[in-house]
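Working notes, beginning with the structure itself.
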Amino acid sequence: MVLPKQVKYSLFVLIGACSYGIHASTVKLTFGAGHSIDEVTGGQYFFGIIMLLLLLTFSKKQKLSLKSNLNLMGIGVFLSFTGIFYSLSIERLPASIAIVLLFQFTWIGVLLDAIASKKWPSKQKLVSVVLLWLGTIFAAGIFEANGFQWSQSLDGVMYGFFASITFALFIFFSGKVAKNAPTIQRSIMIAIGGILVIIALFRPTFVWDGTLTESLWSYGLVLGLFGTIFPIIFFSLGTPHIDSGLATIAGAAELPAAIVAAMFILGEVITLAQGFGMMLILVGIILPQLPTHTRHRKRSEPIEL
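Residues in the sequence shown are numbered consecutively from 1, following this note's numbering.
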């Protein structure tokens, strides 16, 4: 069975988002092992770039202009800041509140797409955003965050909202820049942009003080795989071929993936409300795909790595 192009490319974005959801549980384990935010983010990009460079030796390459390379690095800056802002938010807020703030990227992304295309979002997209928003509230367990005082955690709220903006910008621009560049080569430039932010903000002392070889390497490999390799590659495969609003909606798969990963990796229990929220999110992701499933029957194009 050959999938319609839009469904296939949306599936790539969904896989990238799911890997980022698994990455969240790995971050918690790494923090639990005593590592700091600079070691977590630095280790992720350090190993991610190494693995991407290894993949590059077996993949297609082409000469990119300086402008294209700089634009791709700019996309990596957005992704890197998303991780930093989200980590700062979750340090100051209950996890449920931080997740809800991050997931404001859904309506922000659809709004960016509407402004760029100068078209009002379709009814399917609007209904989908509503379902995603409601599903996020249930899945994140916000109703269980009793006694939370928004006024006492304004900095955490600010960081969480900043994370939603930068993630929406990452998804939006990842489908606009160097669309015809080979996927691995494209991914490396995005990752380089991300690690430059880490180097500028944090001292990468973990590289030479022994932390990398003693304990961080085992976490860093997993962080690099699920936080850099899979998200960047699969977003690079999918976002250039679908509109950014649809890519944003598919990206909402991150939350259900994060909850399921937390259940298996961290031993957390999924409540009935969370299960209901996950179902709403999945329906919200599937809904925009339904009309295209009946319209497109052409054979899919091969994808070059």
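C-beta: ideal position from N, C-alpha, C; glycine also. Owing to the predicted nature of the structure, the values given are computational and were not obtained by experimental measurement.
For T228 against Q62, the beta-carbon gap comes to about 22 Å, at or over 8 Å, which does not count as contact. Rounded to the nearest angstrom, the gap between the Cα atoms of F58 and I49 is 15 Å. Inter-residue distance for Q274 and F202 is about 36 Å (C-alpha atoms, whole angstroms). Between G42 and the set Y9, G193, L54, I115, the nearest pair of CA atoms involves G193. Restricting attention to S80, T213, K176, the CA atom closest to the CA of I198 is found in S80. In chain order, Y159 place their CB closer than 6 Å to the CB of L88, counting only its own chain and leaving out the 5 sequence neighbours on each side. Secondary structure at S36: coil, using DSSP grouped into helix, strand and coil. Nearest neighbour of R92 by Cα position, chosen from L154, A140, L55, turns out to be L154.
Taking every protein chain shown into account, the CB of S218 has fewer than 16 other CB atoms within 10 angstroms, so this residue is exposed. By the criterion of at least three beta-carbon pairs nearer than 8 Å, the stretch 100-112 is in contact with the stretch 239-258. In terms of CA proximity to V283, Q124 leads the group F173, N71, Q124, P182. Judged by pairs of C-beta atoms under 8 Å, the stretch 68-83 does not touch the stretch 131-145, as fewer than three such pairs exist. Excluding its 5 nearest sequence neighbours in each direction, V129 has C-beta neighbours in its own chain below 6 Å: T106, W107, V110, listed in chain order.
According to the DSSP assignment, S187 belongs to the alpha helix (DSSP H) that extends over 183-201.
Distance between G245 and S122, taken at the CA atoms: about 10 Å.
Its Cα nearest to that of Q6, the residue A247 stands out among G277, F226, A247, V260. Shown here, D209 sits in coil according to DSSP, grouped into three states, outside any helix or strand. Comparing alpha-carbon positions, the option among L280, H241, I285, A250 lying closest to V177 turns out to be H241.
Counting along the chain, the unbroken alpha helix (DSSP H) around L70 starts and ends at 66-92.
Three or more Cβ pairs closer than 8 Å define a contact, and the stretch 203-214 falls short of that threshold against the stretch 260-271. Rounded to the nearest angstrom, the gap between the Cα atoms of M279 and P288 is 15 Å. Each residue's CA atom was taken as its position, placing M51 and I84 some 22 Å apart. Counting C-beta atoms within 10 angstroms of its own C-beta, F264 has fewer than 16 neighbours from the protein chains shown and is therefore classed as exposed.
Taking C-beta atoms as the reference points, A163 and T213 fail to come closer than 7 Å.
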